[in-house]
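Protein chains in written order, with the numbering used here: chain D, 1089 to 1234; chain Z, 14 to 614. We treat Cβ as the ideally placed atom computed from N, Cα and C, and that holds for glycine. Only a predicted model underlies this, so the values are computations on that prediction, with no experimental measurement involved. Just below is one structure, and these are the notes that go with it.
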């Protein structure tokens, strides 16, 4: 049997955590009304209380995809009320986009409450530590991803 | 730890008059509970098509007081529900079985979502025990419909059916209206249903808030300070039944008005302050009034790309006051100076009050020069059309005569394309809910089923579908429904043997390389014969001299649907036009004719 790549892989280059965020200093573009302009993106952590219904994770992620926003990290867990779950979503957006995405999230019938958590970078670092413990990515996708 | 609080107006119980418990009677099945809920909510008409998964529901519908109209394709049911809702203001209801039945509804759901039409779609699904097994006719319609509905439910427990259906109606009709899908598994329809729960809690669903007085004050402040304001009236004013308030605000302030494609009829076309429709095929005065303004007062409109043209050059000197029921619309496309969140009707009434208060206190805005300028554009660049060079019938003439002969109380439903634009341009709309079309999604095939739905909802009104030959062939099977169910709509096919709008773009932007936009013959199918086959009256007209007589003949038939095949020129184009991706400043009044807007102030 021929393996596409050796398994387990030899000593992969360990991906390091992405460098701390550096704000873009792109020339100011006065273009009005773009959804995904790159200026002054920062990391934001949203704590979102949702109804604990089947499909609610799909609904939230469909919304992000539909509105052309990217999720950096996403954690879902229970709360002390078994009818309610909490999602912690880390996004890398500018202030205007954050406003737009929370407005859109707030429209979802199953989203009960949204608040922004302080110190998104610390939350992201901890999430990275959990997320970085799995198997190393192998092959072409990994090369593209890192 | 909190830095941002989203205002939390959530209710623990959904409002409405359906609270409380029902009297303990013998348990009904889930299907009977569903039909009973429809009856309790006052639903009179349902458009649908049965199938395996909804057989229990159809059994319960047998003999129920709700009138079920059997369509020939589920997409027709969806558009009919839209037409019904748009013409009456009530929630439209459509019904389909699982799998393909449900997926056939998706276009109509997406259409209703884009145009904020309140409809409820009820679909059956396979038994909850079979879900996930790739059972026969299984489709995950709850997930499929997520990005194209306001909300979607999957109900697997019989005791939740009644509550979910009434909550679906509540969601569809309140706030910014929209489509809601309720997918019910077959086992839930069959099982005995405890109907004590009448509404879902929905703690996250927010009902509209009252507009903030501070925002209204700031909006009026900007209006008083502006030199070149414009009222940009959108479909939200239609859904909110705010046409009387719009008129009051316009007449009180004297500010010029433009109405979008979705809002045609909200403000009378015949009103002197009406500058026309803005956008890609709007009138020159409508486009210019918006483009040259220094304050846009947007009332239930959403700055669609077809209105704004190239975004970076849209109304460069304008500030924006944005009134919308949906907070996420404010600032979505353009930075907004003042956002007023609330129902258009309430918000406009508050603007009127505040304006009256301020002007009584001595504020005296001066718009004279601006109004004169707008009126000048309106006078200098009226809508018009040339006689076709090939000597054939002008499609604009047909539509103009249709509007003139059928009278002001006629409801028009249009498909999508050239005929839709001509129908918006050459018919004067003086009342709301008399113009139905697919504005946001642009669904070809909308006209016939939407006209059917409108006629069911408004049986005393004359309903004309103005359709293209391309559009007509997407949904004309509903003519069979109209014939059999006694829904005498009238259909005018603007038959140019081409996908006209595609052909127009190919003529203008693709060096007349008409790739797959011309249909080989006007004879296939012969629409008049096809109409006869469907049990309708079929008429044909290809000469200008016969247009009036043909329309009058069609108007005389009132017990049968009528289809008129107007064979028109293949070369007619829609003008004025702002080409896609270009600035509103570059509007062409006719081909290669650019209007002169005069000096900017």
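Who are the near neighbours of residue 1115(D) in its chain, counting only those whose CB is closer than 6 Å to its CB and skipping five residues on each side? Any reading at residue 1115(D) must be qualified, since the residue scores a pLDDT of 42, below 50, and its modelled position is unreliable; the value itself is stated next. Hits under 6 Å: none found.
Could you compute how far the alpha carbon of residue 404(Z) sits from the alpha carbon of residue 582(Z)? 8 Å
Taking the alpha-carbon positions, what's the residue 264(Z) to residue 468(Z) distance? 33 Å
Please say whether residue 534(Z) and residue 510(Z) have beta carbons closer to each other than 8 Å? yes
Contact between the stretch 264-273 of chain Z and the stretch 365-373 of chain Z: three or more CB pairs below 8 Å? yes
With residue 103(Z) as the anchor, note down where its beta strand (DSSP E) starts and where it stops. From DSSP, residue 103(Z) is part of no beta strand (DSSP E); its letter is neither H nor E.
Could you list which residues in chain C have their beta carbon closer than 9 Å to that of residue 338(Z), in chain order? Absent from the structure: chain C. Protein chains present are D and Z.
Would you tell me roughly how many angstroms separate the C-alpha atoms of residue 596(Z) and residue 519(Z), rounded to the nearest one? Cα-Cα distance, rounded: 20 Å.
On a Cα-Cα basis, can you pick out the residue from 150(Z), 566(Z), 550(Z) that is closest to residue 64(Z)? Ranking 150(Z), 566(Z), 550(Z) by Cα distance to residue 64(Z) puts 150(Z) first.
Residue 1195(D), buried or exposed, once every other Cβ within 10 Å from all chains shown has been counted against 16: buried
Between 1148(D), 1184(D), 1129(D), 1215(D), which lies nearest to residue 1173(D) when the distance is taken from Cα to Cα? 1148(D)
Within the same chain, show all residues whose beta-carbon is closer than 8 Å to that of residue 525(Z), passing over the 5 residues directly before and after it, in chain order. Exclusion of the five residues before and after residue 525(Z) leaves 519 as the residues of its chain whose Cβ lies within less than 8 Å of its Cβ.
Taking Cβ-Cβ distances shorter than 9 Å, what residues in chain Z pair up with residue 1139(D)? Under the 9 Å cutoff, chain Z gives 214, 215, 216, 217.
Between the alpha carbons of residue 1219(D) and residue 530(Z), how many angstroms are there, rounded? Going by the C-alpha atoms only, they are around 52 Å apart.
Evaluate residue 395(Z) with the Cβ neighbour count: other Cβ atoms within 10 Å of its Cβ, from every protein chain shown; 16 or more gives buried, anything less gives exposed. exposed
Would you mind stating whether residue 174(Z) and residue 143(Z) have Cβ atoms separated by less than 8 Å? No, they are not a contact pair.
Roughly how many whole angstroms lie between the Cα atoms of residue 616(Z) and residue 503(Z)? Missing from the structure shown is residue 616(Z); chain Z here goes from 14 to 614 and no further.
Is there a C-beta anywhere in chain Z that falls below 8 Å from the one on residue 1192(D)? yes
Three-state secondary structure (DSSP) of residue 3(Z): Outside the shown range of chain Z (14 to 614) lies residue 3(Z), about which nothing can therefore be said.
Could you name the residues that DSSP lists as bridge partners for residue 503(Z)? 477(Z), 575(Z)
When 43(Z), 387(Z), 414(Z), 188(Z) are compared against residue 354(Z), the one with the closest alpha-carbon: Comparing Cα positions, the closest option is 188(Z).
Starting from the C-beta of residue 342(Z), find all residues in its chain whose C-beta is less than 6 Å away, skip the five residues before and the five after it, and write them out in chain order. 315
In terms of residues, what are the limits of the beta strand (DSSP E) holding residue 310(Z)? 308-312
Does the count of Cβ pairs from the stretch 212-220 of chain Z and the stretch 252-260 of chain Z closer than 8 Å reach three? Result no; under three Cβ-Cβ pairs closer than 8 Å.
Of all the alpha helix (DSSP H) runs that stay within the bounds of the stretch 372-450 of chain Z, which reach a length of 4 or more residues? Here the runs fully enclosed are 381-393, 408-419, 431-439.
Alpha carbons only, please: which of 195(Z), 419(Z), 147(Z), 390(Z) is nearest the one belonging to residue 561(Z)? 419(Z)
3 or more residues per run - each beta strand (DSSP E) lying fully within the stretch 293-342 of chain Z: As far as the stretch 293-342 of chain Z is concerned, its whole beta strand (DSSP E) runs of at least 3 residues are 308-312, 332-337.
Residue 431(Z): beta carbon under 7 Å from a heavy atom of the ligand ATP? For the ligand ATP, the structure offers nothing, since it holds no ligand at all.
Taking the C-alpha atoms as reference points, what is the distance between residue 444(Z) and residue 271(Z)? The straight-line gap from Cα to Cα measures roughly 15 Å.
Check residue 1193(D) in the structure and name its three-state DSSP category. In the three-state reduction of the DSSP assignment, residue 1193(D) falls in the helix class.
Does the stretch 223-231 of chain Z come within contact of the stretch 287-306 of chain Z, defined as at least 3 CB pairs closer than 8 Å? no
My output table needs one value for residue 609(Z): the three-state DSSP class, helix, strand or coil. coil
Determine which residues share a DSSP beta bridge with residue 80(Z) and list them. 58(Z)
Separation of residue 1190(D) from residue 15(Z), as counted between CA atoms: Caution is warranted here: a pLDDT of 41 is assigned to residue 15(Z), below 50, making its placement in the model unreliable, and no coordinate value can be reported.
N-terminal and C-terminal residue of the alpha helix (DSSP H) that residue 1154(D) is part of: 1144-1154
Would residue 183(Z) count as contacting chain D if we go by Cβ distances under 8 Å? Nearest CB-CB separation between residue 183(Z) and chain D: not below the 8 Å threshold.
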